[in-house]
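J.: A single structure is presented below for examination.
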């Protein structure tokens, strides 16, 4: 289904702001600093091996730094605080996450007169966290991530740090620790404030600089942009708009959800350190699980393409290692005898085949050279400080 662009909605909501996060019209720098400390503190995990930054490394566009060895073994997903447990999904970049609208259903969104309705926004691949604050609460208590037994345990670690106590009481009141739930909410609120800071959203990629007349795209990159936009070619912009609204920079996502027909990552799903390996006939239903609507089974959030070239592996389960494979998948998923360039084997069956998008991808008719041009353009979406990673 052709979807309308909602790229500017999250930006608008962020610019409107919230009084609890602001001081004199902007983010409270004291709260941002505290949130950064929490974000980087491994002591807030069960055995002290993991922080938010472990899977969202500032030096790697706030995604996980994956070595070649890790990529060949378990690099598609993260290893938990116990250095053993594996999740089932790929940790996405945290960059630009603050610009996603709160998770909601828009009755007027979608194709045709009057829309029909679409789910928009939220955090995590399946939108299950309404906003950044809700998202920040999840990893601490996740049994295969930071593995803390309960929120009380997290608050106890915070209370054991005198500097944290001083900052928390200054920001949230002298009674913030009277109720562990209130204190836990405050920890998450501070992390969310840090994730709303400019370090997560510089908007200074080559593409941004080109729009301002401060850089030149190569002929190949310009060709890639043309193919990215053309409805009779890549049509990538249908879900990854290359413009924002009201002059705002593009997020390169419309904030919706889609079932792309991604296959199971067998190396992850069958690994005994992944608890889901023991669940017979398990399927990751994504947005369908979040909403209870079976027509949305297998749909996952349309990811921002900003910094996409340096934040692999790709898809919600990390099943593809290269952008070339991803573009080729979009192009040839439904083409007889088409091969996965990473394996040399045919594309495998989608995990949730009954609801896949068959209108906007699967048989785009792009040549190999056209695929390479799109990849070249995608690399221009890398923020300046991460261009060395290319």
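In my numbering, the protein residues as written are -5 to 384.
Each residue gets a CB set at the ideal place from its N, CA and C atoms; glycine is no exception.
#1: Using the three-state DSSP reduction, which class does residue 376 fall into: helix, strand or coil?
#2: Helix, strand or coil: which one does DSSP assign to residue 117?
#3: What do you reckon, are the CB atoms on residue 246 and residue 375 nearer than 8 Å?
#4: Could you tell me the boundaries of the beta strand (DSSP E) in which residue 50 lies?
#5: Helix, strand or coil, according to DSSP, for residue 123 in the structure here?
#6: Once DSSP output is grouped into helix, strand and coil, what is the label at residue 16?
#7: Could you check if residue 200 is buried or exposed, using at least 16 other CB atoms within 10 Å of its CB as the buried criterion?
#8: How far does the alpha helix (DSSP H) with residue 323 in it reach, from first residue to last?
#9: Buried or exposed, going by whether 16 or more other CB atoms sit within 10 Å of the CB of residue 115?
#10: Would you check if the segment 363 to 379 and the segment 308 to 324 touch, i.e. whether three or more CB-CB distances between them fall below 8 Å?
#11: Here's the rule: buried if 16 or more other CB atoms are within 10 angstroms of the residue's CB, otherwise exposed. What is residue 273?
#12: Go ahead and label residue 379 buried or exposed: buried means 16 or more other beta carbons lie within 10 angstroms of its beta carbon, across all protein chains shown.
#13: Looking at C-alpha atoms only, which residue of 70, 330 and 28 is the closest neighbour of residue 309?
#14: Can we count residue 99 as close to the ligand HEM, meaning its CB is less than 7 Å from some heavy atom?
#15: Name, in chain order, the residues that DSSP records as bridge partners for residue 308.
#16: Is the separation between the beta-carbon of residue 194 and that of residue 276 shorter than 8 Å?
#17: Measuring straight from C-alpha to C-alpha, what distance separates residue 122 and residue 131?
#18: With a threshold of 16 other CB atoms inside 10 Å of the CB of residue 189, please say whether the residue is buried or exposed.
#19: By the DSSP assignment, the alpha helix (DSSP H) with residue 202 in it spans what residues?
#20: Would residue 85 and residue 58 qualify as a contact pair, given that the criterion is a beta-carbon distance under 8 Å?
#21: Buried or exposed: which applies to residue 139, given that a residue is buried once 16 or more other Cβ atoms fall within 10 Å of its Cβ?
#22: Give me the Cα-Cα distance between residue 304 and residue 383, rounded to the nearest whole angstrom.
#23: Please state the DSSP three-state secondary structure of residue 293.
#24: Under the DSSP definition of a beta bridge, which residues are partnered with residue 98?
#25: For residue 66, name the three-state secondary structure that DSSP assigns.
#26: So, residue 141 versus residue 75, is the Cβ gap smaller than 8 Å?
#27: Work out the CA separation of residue 119 and residue 83 for me, nearest whole Å.
#28: Could you check which residue in 281, 28, 173 and 243 has the C-alpha nearest to that of residue 298?
#29: Measuring straight from C-alpha to C-alpha, what distance separates residue 256 and residue 345?
#30: According to DSSP, which residues form a beta bridge with residue 302?
#31: Would the beta-carbon of residue 291 fall within 8 Å of that of residue 350?
#32: Whose C-beta lies closer than 6 Å to the C-beta of residue 110 among residues of the same chain, with five residues either side of it excluded?
#33: Rounded C-beta distance between residue 33 and residue 185? I'm assuming under 8 Å.
#34: Considering residue 218, what are the terminal residues of the alpha helix (DSSP H) in which it resides?
#35: Pull the bridge partners of residue 251 from the DSSP assignment, please.
#36: Just curious, the alpha helix (DSSP H) that residue 181 is in, first and last residue?
T.: Reading off the structure:
#1: Numbered from its first residue, the chain shown carries residue 376 at position 382. Looking at residue 376 - three-state DSSP - the assignment turns out to be coil, as it is neither helix nor strand.
#2: Locating residue 117 in the chain shown gives position 123, where the first residue counts as 1. DSSP places residue 117 in strand when its eight states are reduced to three.
#3: Sequence index remark: in the chain shown, residue 246 carries index 252 (1-based). Sequence index remark: in the chain shown, residue 375 carries index 381 (1-based). Taking 8 Å as the Cβ cut-off, residue 246 and residue 375 qualify as a contacting pair.
#4: For the purposes of this step, residue 50 is taken as the residue at position 56 of the chain shown. Here residue 50 belongs to no beta strand (DSSP E), and DSSP marks it neither H nor E.
#5: Here residue 123 corresponds to residue number 129 of the chain shown, with the count starting at 1. Three-state result, residue 123: strand.
#6: As a working mapping, residue 16 is identified with position 22 in the chain shown. Reliability fails at residue 16, whose pLDDT of 49 lies under 50, so the model's placement of it is uncertain and the value that follows must be treated cautiously. Strand, per DSSP.
#7: Here residue 200 refers to the residue found at position 206 when the chain shown is read from its first residue. Residue 200 comes out buried.
#8: The count along the chain shown starts at 1 and reaches residue 323 at position 329. Residue 323 -> alpha helix (DSSP H) spans 317 to 326.
#9: Taking the first residue of the chain shown as 1, we reach residue 115 at position 121. So residue 115 counts as buried.
#10: yes
#11: Counting from 1 along the chain shown, the entry for residue 273 is found at position 279. Looking at its Cβ environment, which holds fewer than 16 other Cβ atoms inside 10 Å, residue 273 is exposed.
#12: Within the chain shown, numbered from 1, the residue matching residue 379 stands at position 385. Exposed, because fewer than 16 other Cβ atoms sit within 10 Å of the Cβ of residue 379.
#13: On the chain shown, position 315 is the one that residue 309 refers to. Closest option to residue 309, Cα to Cα, is 70.
#14: The ligand HEM is not part of this structure, which contains no ligands at all.
#15: Reading the chain shown from its first residue, position 314 is the one you call residue 308. Looking at the DSSP assignment, residue 308 forms a beta bridge with 314.
#16: Start at 1 with the first residue of the chain shown, and residue 194 comes out as number 200. Start at 1 with the first residue of the chain shown, and residue 276 comes out as number 282. It is not a contact, given that the beta carbons lie outside the stated cut-off.
#17: Walking along the chain shown from the start, residue 122 turns up at place 128. Walking along the chain shown from the start, residue 131 turns up at place 137. If I take the Cα positions, the gap works out to 12 Å.
#18: Here residue 189 is taken as the residue at index 195 of the chain shown, counted from 1. Buried, because 16 or more other Cβ atoms sit within 10 Å of the Cβ of residue 189.
#19: Here residue 202 refers to the residue found at position 208 when the chain shown is read from its first residue. 200 to 205 is the span of the alpha helix (DSSP H), which, as asked, contains residue 202.
#20: Taking the first residue of the chain shown as position 1, residue 85 is located at position 91. Taking the first residue of the chain shown as position 1, residue 58 is located at position 64. Yes; because the gap between Cβ atoms is below 8 Å, this pair is in contact.
#21: Taking the chain shown and counting its residues from 1, one reaches residue 139 at position 145. Per the 10 Å Cβ criterion, buried.
#22: Position 310 of the chain shown, counted from the start, is the residue given in the question as residue 304. Position 389 of the chain shown, counted from the start, is the residue given in the question as residue 383. So the alpha carbons of these two residues sit roughly 6 Å apart.
#23: To locate residue 293, count along the chain shown from 1; it is residue 299. Three-state DSSP puts residue 293 in a strand.
#24: As a position in the chain shown, residue 98 is number 104, starting the count at 1. Paired residue(s): 114.
#25: Within the chain shown, the letter at position 72 stands for residue 66. Its pLDDT being 49, under 50, residue 66 is placed unreliably by the model, and the measurement read from it follows with that caveat. Of the three classes helix, strand and coil, the one that applies to residue 66 here is helix, per DSSP.
#26: Working through the chain shown from its first residue, we reach residue 141 at position 147. Working through the chain shown from its first residue, we reach residue 75 at position 81. For residue 141 and residue 75, yes; Cβs fall inside 8 Å.
#27: Within the chain shown, residue 83 is the residue found at index 89, counting from 1. Within the chain shown, residue 119 is the residue found at index 125, counting from 1. Roughly 8 Å between the two C-alpha positions.
#28: Position 304 of the chain shown, counting from 1, holds the residue named residue 298. Residue 243 is the option with its Cα nearest to residue 298.
#29: As a working mapping, residue 256 is identified with position 262 in the chain shown. As a working mapping, residue 345 is identified with position 351 in the chain shown. Cα-Cα distance, rounded: 6 Å.
#30: Working through the chain shown from its first residue, we reach residue 302 at position 308. DSSP, once it has assigned bridges, lists no residue as partnering residue 302.
#31: Here residue 291 corresponds to residue number 297 of the chain shown, with the count starting at 1. Here residue 350 corresponds to residue number 356 of the chain shown, with the count starting at 1. No, the Cβ-Cβ distance between residue 291 and residue 350 is not below 8 Å.
#32: Along the chain shown, read from residue 1 onward, the residue named residue 110 stands at position 116. Cβ within range, chain order: 104.
#33: Residue 33 sits at position 39 when you count from the first residue of the chain shown. Residue 185 sits at position 191 when you count from the first residue of the chain shown. At roughly 6 Å, the Cβ-Cβ gap stays under 8 Å, so residue 33 and residue 185 are in contact.
#34: Locating residue 218 in the chain shown gives position 224, where the first residue counts as 1. Where residue 218 is concerned, the enclosing alpha helix (DSSP H) stretches over 213 to 223.
#35: To locate residue 251, count along the chain shown from 1; it is residue 257. Per DSSP, 295.
#36: Taking the first residue of the chain shown as 1, we reach residue 181 at position 187. Segment 174 to 189, the alpha helix (DSSP H) holding residue 181.
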